[in-house]
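Everything below concerns the one structure shown next.
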Amino acid sequence: MTTRELNARERRIRKLLPRAQDALGLGGWHIELTLHPDAELPASVEHERRILGSYTADWTLRRASIDLALGTAGDCDPPELVLIHELAHIVLHGTRDAFDRLRDQVAPPLFETVRELHCEREELAVRRLARAIVTGLNAYQED
Ligand SMILES: [Zn+2]
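Just so you know, we're using the numbering used here here: the sequence shown kicks off at 74 and counts up by one.
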C-alpha cells in the first residue's frame, strides 16, 4: 500500500469516526484514535479480532481509545468495518462493565466461566452489528 493510499484511508477513517460515533450514541464521548500504517497492530497493543483493531473504554468517564491497523489487504476486513466493530464494542462495554461488578460476589470459577461466555457472545453480537451498521451508514450516505 502506497503512502498516498494510506493517507487517503486515514482521511476516510478520521471522517467516519464522528459520524459513526453519533450513529452509535457515542457523540459525547472522547475517543482517541490511533492509526497504525501496518497490516496489523504492533505487539505492544493488546490484540482484538485478528489484530486489526483494539479498544479500551471507561463508561464512567465516557472516554475510549481505539487502535486500528490501516494497511490491511486481501481478505481482511476493511479498516472502516474494524472501526465500526470497535465502536460497537465500546457501546456494549457497558454491559461487560456492569457484569464485572459481580466479580467479588460469586465464586471465581463460576464468574470466569460465565464471563468467558459473555465475551464470546459479545464478540458474535459485535460482528453482526458492525456489518449491519456499515450497511446502514452506506445506505444513508447514498441518499
Ligand atoms: Zn471484537
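Glycine residues also receive a C-beta, built at the ideal position from the N, C-alpha and C atoms.
- Remark: three or more beta-carbon pairs, one from each stretch, lie closer than 8 Å, so the stretch 159-175 and the stretch 88-104 are flagged as touching.
- Annotation: R174 to V155 spans about 28 Å, alpha carbon to alpha carbon.
- For the 7 Å CB-CB criterion, A142 and L114 form a contact.
- Here D140 is near S127, since their CB atoms are less than 7 Å apart.
- Within the DSSP secondary-structure output, T107 pairs in a beta bridge with D140.
- C-alpha of D111 to C-alpha of E193: approximately 27 Å in a straight line.
- Counting the other Cβ atoms within 10 Å of the Cβ of D150 gives 16 or more, which makes it buried.
- Taking 7 Å as the cut-off, the Cβ atoms of L97 and V164 count as close.
- Exclusion of the five residues before and after I124 leaves E113 and L114 as the residues of its chain whose Cβ lies within less than 6 Å of its Cβ.
- Of the other Cβ atoms in all chains shown, fewer than 16 fall within 10 Å of the Cβ of A205; this residue is therefore exposed.
- R92 and R82 have their C-alpha atoms roughly 16 Å apart.
- Secondary structure of D170 (DSSP, three-state): helix.
- Take the alpha-carbon of E78 and the one of V207: they are about 21 Å apart.
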